[in-house]
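Residue numbers (the numbering used here), protein chains in the order written: chain G, 1 to 311; chain X, 312 to 560.
Don't be surprised by glycine CBs; every beta carbon is placed ideally from N, CA and C.
Note that the structure is a prediction, hence the values are computed from the model and not measured.
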Amino acid sequence: MTTLLIADHDNRMLSDATARALSALGAIDDAVHVLVAGHQAGPVAGQAAKLRGVGRVLLADDEALAHGLAEPVAVLVLSLAGGYRVIAAPATSGGKDVLPRVAALLDVMQVSDVVRVVSPDTFERPVYAGNAVAVVQSTDEKKLLTIRTSAFSAAGVGDVAVPVEEVRVPDGVWQARFDGETLSSSDRPDLASARIVVSGGRALGSAEKFQEVLGPLAERLHAAIGASRAAVDAGYAANDLQVGQTGKVVAPDLYIALGISGAIQHLAGMKDAKVIVAINKDEDAPIFQVADYGIVGDLFEIVPELEKALG
Amino acid sequence: MKTILVPVKMVLDSNARPRVRTDESGIDLSGMRMSINPFCEIAVEEALRLKEAGLAEEVVVVSIGPAKAQETLRQALAMGADRATLIEIDETVEPLAVAKLLRAVVGEEQPDLVLLGKQAIDDDCNQTGQMLAALLGWPQATFASAVRFEDGRLLVTREIDAGLQRLSLPLPAVVTTDLRLNEPRHCALPNIMKARKKPLKIGAPADYGVDIGRRLKILAVRPPAGRKSGIRVATASELVGDLRAAGIV
Ligand SMILES: Cc1cc2nc3c(=O)[nH]c(=O)nc-3n(C[C@H](O)[C@H](O)[C@H](O)COP(=O)(O)OP(=O)(O)OC[C@H]3O[C@@H](n4cnc5c(N)ncnc54)[C@H](O)[C@@H]3O)c2cc1C
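Set out below in structure tokens:
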């Protein structure tokens, strides 16, 4: 069964999400085709060609694909779809934007956020903010899947590179126009794939305090920074740091929740972390129900002590 | 713009804890509090703001769901929507079928903009808006955190994994809402009374000639793997000691 995986990248680097989605698909296909749709994205194709489990890389290089907009990417994928039984994308903001568009044009009901491949037509996916897991069997001939990347480890890099084949974007009139972007720049590890995440909630009180308290601790632990919705809504942290049902889903080795109450929508994004530490002054905060280690107390006192103890 | 169409879904209230049925057949919703999906509520609010700014004439809401979803539509009407349609069906309808029904509604209503939530907080699919845009051949802007309408084009700011992206779209278009687009208004009592008199049309999927057969078989719905309960530690240094002993830091 041939499988097409739509790569997630920024025209320079293939994201870790792609390597994770690839390992999920390994249960179905050991020679997945990876589509790199972008502009001057040759290096990305080169990186994809070296991942273990890839059979071929398709590179579509076109100015219209520079920003991964849904219309041209969907038309491109559709033009290639005939050869594939499975078409998948990591459940990143790009994958979520594009894949349902392809699914509708193929008259296929997509399976979103796959966390386990049970068999080539049966998948597990979380529903109700992760309060339940549904086992679903697709009766469509083609399977369209987005993969929840936090549930899979990244496929490794091999020594040999598979061939890269160029493909063309069909002609079309693209209606939505790219008008600019504001990307968060950070020298911290990427939230979605970091080994340690330090997250802050409403308790931080201001953007300055958020940085002042979380910054040094994250630095010391080489951790990514995350946030609750309340912290993002209040402007303490950027939108791309939100962890939860409707933000990013993470499963690091260590998740440290500072002044986060533990609403189900937040837990949906982090409860698969290997170890959870919670610091909260309310001993009844629901976050303690999922925490492996909890400290009841004022985070503004405990975090500096924590840094000191880490040395 | 003349008409903005806002599809809305009734879901288990976001504060309620879902109960997984012991026979694994699904979630037990009996006696549970149902509400408008929070993202849909944000979509209604945004449509009303466009109308109140004089940029649209009419806001039409539509829901696909059981008879009880009339309450969800009444809430949208109480917020200020002008008219409502319920396509009544008891079974859950998959996003692809919802998109097909909505395409038919778009054929009737000829809206300039369809504004809808990015995901429903029950099935968490995040598909309907994109599918509808595809079926209509319209442009889409998903996960919107700001929407402006200027010189006949929609300027949408989207929340993406790496930050924010801005798109400019001609009409007609589909836009899906993210949490930070706006804070929905509360409905005042007089508006709730007034909403009872606003037109609410009830139809059935068959009226739209759309095949809504399921494509995904739900084999089981189970509770997630639980976490074993942890421990309380008194001080930061005790915590670091434990984390070191466990080889985590
Ligand atoms: C549709 C929908 C989607 C949502 N999606 C998400 C999502 O993706 N992610 C998300 O996070 N939320 C999401 N939410 C919001 C969620 O329901 C909660 O409102 C939110 O997570 C609360 O954030 P918080 O824990 O920072 O704030 P609060 O709930 O206000 O908690 C603050 C905590 O800080 C503690 N505290 C205060 N001061 C101190 C101190 N000095 N020291 C230590 N502790 C202190 C308090 O005891 C409290 O427990 C969503 C909600 C809805 C309706």
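Q | Residue interval of the beta strand (DSSP E) (run including residue 216(G)) | A | Position 216 of the first sequence holds residue 216(G). That residue, residue 216(G), is in no beta strand (DSSP E); its alpha helix (DSSP H) goes 207-221.
request  = Please find out if some non-hydrogen atom of ligand 1 comes closer than 8 Å to the beta-carbon of residue 197(G).
outcome  = Your numbering for residue 197(G) matches position 197 in the first sequence. No, ligand 1 has no heavy atom inside 8 Å of this Cβ.
* Could you name each continuous alpha helix (DSSP H) segment of 4 residues or more that falls completely within the stretch 466-552 of chain X, going from the start of the chain to the end? => For the stretch 466-552 of chain X, whole alpha helix (DSSP H) runs of length 4 or above, ordered along the chain, are 500-506.
| request: Could you tell me whether any Cβ in chain X is nearer than 9 Å to the Cβ of residue 16(G)? | output: Position 16 of the first sequence, counted from the start, is the residue given in the question as residue 16(G). Closer than 9 Å: no.
Q.
Going by C-alpha to C-alpha distance, which of 129(G), 104(G), 157(G) sits closest to residue 140(G)?
A. Looking up residue 140(G) in the first sequence gives position 140. With distances taken between Cα atoms, residue 140(G) lies closest to 104(G).
- Which residues in chain G sit within 9 Å of residue 456(X), going by Cβ to Cβ distance? Counted from its first residue, the second sequence places residue 456(X) at position 145. Residues of chain G passing the Cβ test: 239.
**Asked** Bridge partners of residue 239(G), per DSSP?
**Response** Here residue 239(G) is taken as the residue at index 239 of the first sequence, counted from 1. Paired residues: none, contrary to the question.
Could you check the C-alpha separation between residue 226(G) and residue 199(G) for me, to the nearest Å?
Along the first sequence, read from residue 1 onward, the residue named residue 226(G) stands at position 226. Along the first sequence, read from residue 1 onward, the residue named residue 199(G) stands at position 199. Rounded to the nearest angstrom, the two C-alpha atoms are 4 Å apart.
- [ ] Using alpha carbons as the reference points, say which of 491(X), 400(X), 495(X) lies closest to residue 386(X).
- [x] Residue 386(X) sits at position 75 when you count from the first residue of the second sequence. Per the Cα distances, 495(X).
Cβ-Cβ separation, residue 14(G) to residue 47(G) (assumed contact under 8 Å), whole Å:
As a first step, residue 47(G) is located in the first sequence; it is residue number 47 there, counting from the start. As a first step, residue 14(G) is located in the first sequence; it is residue number 14 there, counting from the start. Rounded, the Cβ-Cβ distance is 4 Å, consistent with contact.
- request: Establish whether the CB of residue 184(G) and some CB of chain X are separated by less than 9 Å.
  value: The residue you call residue 184(G) lines up with position 184 of the first sequence. True, the Cβ-Cβ gap to chain X drops below 9 Å.
- Shortest alpha-carbon distance to residue 58(G) belongs to which of 117(G), 7(G), 156(G)? In the first sequence, residue 58(G) corresponds to position 58, counting from 1. Answer by Cα proximity: 7(G).
### Whole-number beta carbon distance between residue 77(G) and residue 54(G), since they are thought to touch under 8 Å
As a working mapping, residue 54(G) is identified with position 54 in the first sequence. As a working mapping, residue 77(G) is identified with position 77 in the first sequence. Their Cβ separation, rounded to whole angstroms, is 17 Å, which puts residue 54(G) and residue 77(G) out of contact at 8 Å.
inquiry  = Would residue 73(G) and residue 37(G) qualify as a contact pair, given that the criterion is a beta-carbon distance under 9 Å?
reply    = Residue numbering aside, residue 73(G) sits at position 73 when the first sequence is read from its first letter. Residue numbering aside, residue 37(G) sits at position 37 when the first sequence is read from its first letter. Their beta carbons are under 9 Å apart, which means residue 73(G) touches residue 37(G) by this criterion.
Cutting at 6 Å between CB atoms, please list the residues of its own chain near residue 436(X), excluding the five before and the five after it. By 1-based counting over the second sequence, the position of residue 436(X) is 125. Closer than 6 Å at the Cβ level, and outside the excluded window around residue 436(X), lie 406.
Note to self: Do residue 541(X) and residue 276(G) count as a contact pair if the criterion is CB distance below 9 Å?
What the structure shows: The sequence position of residue 276(G) within the first sequence is 276, counting from 1. The sequence position of residue 541(X) within the second sequence is 230, counting from 1. Yes, the Cβ-Cβ distance between residue 276(G) and residue 541(X) is below 9 Å.
| In three-state DSSP terms, what is residue 288(G)? | Locating residue 288(G) in the first sequence gives position 288, where the first residue counts as 1. Looking at residue 288(G) - three-state DSSP - the assignment turns out to be helix.
(message) I believe residue 370(X) touches residue 392(X) by the beta-carbon criterion, under 8 Å. Please report the beta-carbon distance rounded to the nearest angstrom.
(response) Within the second sequence, numbered from 1, the residue matching residue 370(X) stands at position 59. Within the second sequence, numbered from 1, the residue matching residue 392(X) stands at position 81. The pair is a contact, with the Cβ atoms about 5 Å apart (cut-off 8 Å).
- Which same chain residues, not among the five before or five after residue 493(X), have their C-beta less than 8 Å away from its C-beta? As a working mapping, residue 493(X) is identified with position 182 in the second sequence. Only residues of its own chain outside the window of five on either side were considered, and among them 353, 356, 357, 360 have a CB closer than 8 Å to the CB of residue 493(X), listed in chain order.
- prompt: Would you say residue 270(G) reaches chain X, if we count a Cβ-Cβ gap shorter than 9 Å as a contact?
  reply: Locating residue 270(G) in the first sequence gives position 270, counting from the first residue. No, because no Cβ of chain X sits closer than 9 Å to the Cβ of residue 270(G).
(Q) For residue 460(X), would you say it is in contact with chain G, using Cβ-to-Cβ distances shorter than 9 Å as the test? (A) Reading the second sequence from its first residue, position 149 is the one you call residue 460(X). It does not: the Cβ of residue 460(X) has no partner Cβ on chain G nearer than 9 Å.
### Task
Specify, as a first and last residue, the run of the beta strand (DSSP E) that residue 143(G) falls within.
On the first sequence, residue 143(G) is found 143 positions in, with the first residue counted as 1. Counting along the chain, the beta strand (DSSP E) containing residue 143(G) begins and ends at 143-147.
ask   = Between residue 487(X) and residue 446(X), is the Cβ-Cβ spacing less than 9 Å?
value = Here residue 487(X) refers to the residue found at position 176 of the second sequence. Here residue 446(X) refers to the residue found at position 135 of the second sequence. Contact flag unset, no.
message = Quick check: is any heavy atom of ligand 1 less than 8 Å from the C-beta of residue 281(G)?
response = Position 281 of the first sequence, counted from the start, is the residue given in the question as residue 281(G). Yes.
Please find out if some non-hydrogen atom of ligand 1 comes closer than 8 Å to the beta-carbon of residue 339(G).
For chain G, the structure presents residues 1 to 311; residue 339(G) sits outside this window and is missing.
**Prompt:** List, in order along the chain, the chain X residues whose C-beta lies closer than 7 Å to that of residue 71(G)?
**Reply:** Residue 71(G) sits at position 71 when you count from the first residue of the first sequence. Residues of chain X passing the Cβ test: 450.
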